[in-house]
Amino acid sequence: MSTKRLAATAVVSASVLVLSACGSGGPGGGGGDFSDGKVVLAVLNDQSGVYKDLSGPNSVKAVEMAVADFQEKYGEEAVVDEIEVVAADHQNKPDIANTKAQELYDREGADIILDVPTSSAALAVATQAKEKKKLFIDIGAGTTELTNGQCNKYTFHWAYDTYQLAQTTGTAVTEGGGKEWQIIYPDYAFGQDMDKSFTRAVEEAGGTVGDHIATPFPNDNFTTFLTKAASAEPDVIGTMQAGGDLINLVKQYNEGGYAADGIELAVGLMFITDIHSLGVEAFEGVQFAEAWYWNHDDENRAWADRFLEETGTRPSFAHAANYSAALQYLEAVQAEGTDDADTIVGNFEGKEINDVFLKNGTIRAEDHRVIHDVYLAKVKSPDQVTEDWDYEEIVSTIPAEEAFMPLDQSACSMGG
Amino acid sequence: MNEILQYTVQGLAAGSFYALAALGLAIIFGVLGVVNFAHGACYMLGAFAAAVLMDLVGLNFWLALIVVPVLMFFFGVLLERLLVSRLTALDPLYNFLLTFGLSLLLVDLVKREYGVSGQPYTRPEILGGQLTLGALRLPTYQVFVLVFSLLVCLGVWLLMTRTRIGMIVRASTEKSELTRALGIDVNRWVTPVFGFGIALAGLAGVLAAPFRAITADMGSSFIIILFAVVVIGGLGSIVGAVVAGFLVGLVEAFGQAYAPTLSQIVIFVLMAVVILIRPAGLFGREENA
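The listed protein sequences correspond, in order, to chains A and B.
Going by the UniProt record's numbering, the first sequence opens with residue 1, and the numbers climb by one from there.
Going by the UniProt record's numbering, the second sequence opens with residue 1, and the numbers climb by one from there.
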C-alpha cells in the first residue's frame, strides 16, 4: 500500500487537480512582486454534479487556454514566468465552497478564484475573498447580491445575473405580446430571486404576473404545476427551473400541448448544454437570455473552434467568460507587474474591455458588476440547424447599460 | 372538478413509475431479504439504455419496452451471481451497503461517459398529443403510461398468484425453511427473481425516458420516494407496493396542486402516519416488518 496509492486517493477524494502550465524561461522572473514567485489561478466549480457540463472541467480548460494565449502573446516579455492553474470541486455546497476557498487561498497560494456557480456558494467565497484580501471573479452564479448588499472590494461579477436575465427575457417576451404571466420557480435562493426579478421586469414592461408557483428542488414531476398554471389561461408560463429540472418541465410542457393553446413558455436561465441534451425540437421557438453565443460572429467562432479542439465540445457562455476573466486578470498582472490584489483591483475598476466574451464591457468601479452587451436568443427549429451545436438565433442585442441593474438601484457600498 | 380529475390522472401516471419500480424492490426484498439501494440507479440505467440504444442502433420505444428489461434482467442476474449472493448469508446491512456503493458507482460511471446534462429521446408520434374526454384533456403519453403499468402490475400479480413459479416464490418468501423441507430448491429461484426485480426498475426507466430528464442523477431522488412507497405498502408486499405506489403518486399530485411547497413532505408525513398506525405497512404482516 504505497504512498502512491495514498496520494492517488487523496487527489481523487479532494477532486483537486493541479495542472501546471510551463513557463518558457525557467525560474528567472523577479519573485519580489509576486507572492511565491508565481501566479496561481484557481477554478472552483462543480466538477461532478448538475453544473458540470455547462462549466465544470471545461472551464478549467478555458482558463488554461487563457494562460497559453497570455504566454504566447508576451513570451519573454511576460512579467511572470510561472503561471499555475488549479481546480477544485465545491459540489454546489456553500460549506464546501467556503472550506475549498480557504484552502485555495492559503495552501495552494491562489491569487484569484474563478467561476463558482450556485449563488449560496458564490456568496461564501466572496466572504472569504474579502477576509483574505484576495481576488474573486464570479462567473457561474446568478445572484445580484454579489454586487449589491454583499458586495466587497475583492469580488467581481463577470457574466450574468438574475436582474439581467429578467431584463432580457421578461421585458422582451412581455413587449412581444405575452402580457399575462404565471411563474413557476424552484423554492430556493436562486428561484426566489428570479421570481422577484422577472415579476419586476414583466410589470415594468406593462404585463401582469398571476400566480407565483413554488416547486420543490430537485423535482422530476411538474405536470400538476403546469396544469395549475395553465388553468389561469395565461399568455406565458415563465419557468425559473434549471438543469435537469428544466428538462423535466419542458418535456412535460410539450406533452401537455400548452403551446397549441397559445400558452408560451419563457425560460429564465438556460444554457446551450440544455438545448444540446434535449434536442432543438423540444425547445423550438423558446426565447431566452444569452450572455454569449459561440456562433454569433467570426471572433466567437474562431475561439469556439479552438475550444472544440481542446475539449471536443462547443463552449457555453460560462466557458467563454472564464477564459475572458482569466485573460483580463493576466493582462492586469502584466500591466501592473504584480499579483498584489489591491493593485489589480485598482487596475480593474472602471476599465473598459472588449474581448471575445466581453463586448462593450466595463468593470463598474462602484459595485464591480461587469456590464457588457447581452442577447435575446431564440432556439432554432430542427430544419434551421446546419451543424452540431448550431441551435440559437440571436434575436436582438441588449446594450450593456440597459441590460444590467442601474447603479442607483444597487445597494452596494464598498467597505473595503 | 375538471382539474381534480386531471390531477388524479397525473397523480396516477406519476404513481405508475413508483408502482413498477417498487414492485421490483418488494419482490427482491421478499425473496432475498435484500434492500436494493441500487434500484434508483437501475431505473436510471433503464432510461439510459433506451436513449443510448436509440442513438446507436435506432431501437424504437416499443422495442425498448421489451429489449431493455431483458438486458436489465441479465444485468440483475450478473449482479446477483457476482456480488449480492456472496453477502446474503451475512447481516442484511452488508447487502444494503453493497447496493448503496453500487448505485454510487453506476451513477458516476454514467456521468463519466455521458456527462450530467442528459440525453435526448423521441417517443413515437402516436403517443404524442392529447386525449380529449369532454372537458377533460390529458397528454396521451400519461394515459399510456398509466394503462401500461396497470397491465404489467396485473400481469405480475397473476404470475405470483396463479402460476406454480409464483407459488414457489411466494412460499419461499413467507416460509423459506418450510418450502425447503418440502423439497423445493428455493435457491434456484433467487437469481431470476433478483433479475426480474431489476428488469422492472429498468422498465420504469424506459417509460420515464420520453417524459422525464434522462440524467445520471434521475434515480437519486427517485429511490428515496421509492423507499417511502415500500414502507407504506409493507416491506415485501407485492400488492402493497403497487397500491402504495399509486397512492404516493396521488398524494404528490394533490400536494403539488394545493400545497406546492409541502408536496414532498406530505409523502413522508403519510409514511410516518402509516408506520405509527400500522408498523408493518398497509399490506405488510408483522413478521415481515
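All residues carry an ideal CB built from backbone N, CA and C; glycine is no exception.
Since the structure is predicted, the reported quantities are computational estimates derived from the model, not experimental observations.
Query: Separation of residue 340/A from residue 31/A, as counted between CA atoms; Result: With a pLDDT of 43 at residue 31/A, under the threshold of 50, the predicted position of this residue should be treated as unreliable, though the coordinate-derived value follows. Approximately 12 angstroms, taken between the alpha carbons.
Query: Contact belief for residue 188/A with residue 194/A at Cβ below 8 angstroms, rounded distance in angstroms; Result: Incorrect: roughly 10 angstroms between the Cβ atoms, too far for contact.
Query: Under 7 angstroms (Cβ pairs) to chain A, residues found in the segment 121 to 141 of chain B; Result: 129, 130, 139 and 141
Query: Where residue 20/B falls: helix, strand or coil (DSSP); Result: helix
Query: Backbone CA spacing between residue 320/A and residue 63/A [nearest angstrom]; Result: 9 angstroms
Query: Residue 61/B versus 180/B, 124/B and 201/B, residue with shortest Cα-Cα distance; Result: 124/B
Query: Option in 241/B, 114/B and 249/B with minimal Cα separation from residue 214/B; Result: 114/B
Query: Spatial distance of residue 260/A from residue 283/B (CA atoms); Result: 44 angstroms
Query: Residue 139/A, enclosing beta strand (DSSP E) - first and last residue; Result: Counting along the chain, residue 139/A falls outside any beta strand (DSSP E), and DSSP gives it neither H nor E.
Query: Candidates 325/A, 290/A, 192/A and 314/A, of which the one nearest residue 395/A by Cα; Result: 290/A
Query: Length of the line joining the Cα atoms of residue 74/B and residue 121/B; Result: 24 angstroms
Query: C-alpha gap between residue 77/B and residue 263/B, whole angstroms; Result: 37 angstroms
Query: Inter-residue spacing [alpha-carbon to alpha-carbon] between residue 243/B and residue 26/B; Result: 12 angstroms
Query: Segments assigned alpha helix (DSSP H), at least 4 residues, entirely inside the segment 17 to 103 of chain B; Result: 39 to 57 and 61 to 79
Query: Residue 148/A: contacting residues in chain B (beta-carbon distance under 7 angstroms); Result: The contacting residues do not exist; residue 148/A stays about 26 angstroms from chain B at best.
Query: Given 8 angstroms, three or more beta-carbon pairs between the segment 187 to 196 of chain B and the segment 229 to 236 of chain B; Result: no
Query: Nearest-angstrom beta carbon gap, residue 53/A and residue 117/B [assumed within contact, 8 angstroms]; Result: 4 angstroms
Query: Uninterrupted beta strand (DSSP E) stretches inside the segment 241 to 312 of chain A (no shorter than 3 residues); Result: 264 to 267 and 287 to 290
Query: 6 angstroms Cβ shell around residue 242/A - same chain, five flanking residues per side excluded; Result: 269
Query: Residue 210/A in three-state terms, based on DSSP; Result: strand
Query: Contact belief for residue 398/A with residue 374/A at Cβ below 8 angstroms, rounded distance in angstroms; Result: 5 angstroms
Query: Residues of the segment 205 to 229 of chain B whose Cβ lies closer than 9 angstroms to any Cβ of chain A, in chain order; Result: 208, 210, 211, 212, 213, 214, 215, 217, 218, 220, 221 and 222
Query: C-beta contact flag for residue 330/A and residue 66/A at 8 angstroms; Result: yes
Query: Sufficient close CB pairs (3 or more, under 8 angstroms) joining the segment 80 to 100 of chain A to the segment 147 to 162 of chain A; Result: no
Query: Backbone CA spacing between residue 8/A and residue 103/A [nearest angstrom]; Result: At residue 8/A the pLDDT is 42, less than 50, meaning the model places this residue with poor confidence; the figure from the coordinates comes in the next sentence. For residue 8/A and residue 103/A, the distance between alpha carbons rounds to 19 angstroms.
Query: Proximal chain B residues relative to residue 59/A, where beta-carbon distance stays under 9 angstroms; Result: Per Cβ cutoff of 9 angstroms: no residues; residue 59/A is ~14 angstroms from chain B at best.
Query: Any chain A beta carbon closer than 8 angstroms to residue 7/B; Result: yes
Query: Reference residue 95/A; option with closest CA among 121/A, 47/A, 36/A and 181/A; Result: 121/A
Query: Cross-strand partners of residue 189/B (DSSP beta bridge); Result: According to DSSP, which records beta bridges pairwise, residue 189/B is partnered with nothing at all.
Query: Residue range of the unbroken beta strand (DSSP E) whose run includes residue 404/A; Result: Taken as a continuous stretch (DSSP letters only), residue 404/A belongs to no beta strand (DSSP E), as it is neither H nor E.
Query: Members of the segment 31 to 54 of chain A near chain B, C-beta cut-off 9 angstroms; Result: 46, 48, 49, 50, 51, 52, 53 and 54
Query: Nonlocal neighbours in the same chain, by C-beta distance under 6 angstroms from residue 202/A, ignoring five residues either side; Result: 170, 174, 181 and 209
Query: Validate contact between the segment 248 to 260 of chain A and the segment 273 to 282 of chain A using beta carbons, cut 8 angstroms, 3 pairs; Result: yes
Query: Residue burial classification, residue 44/A (beta-carbon count within 10 angstroms, cutoff 16); Result: buried
Query: Partners in chain B for residue 421/A, counting only beta-carbon separations shorter than 7 angstroms; Result: In the structure as shown, chain A starts at 1 and stops at 416, and residue 421/A therefore has no counterpart that could be examined.
Query: Alpha carbon of residue 266/A to alpha carbon of residue 111/B, nearest angstrom; Result: 29 angstroms
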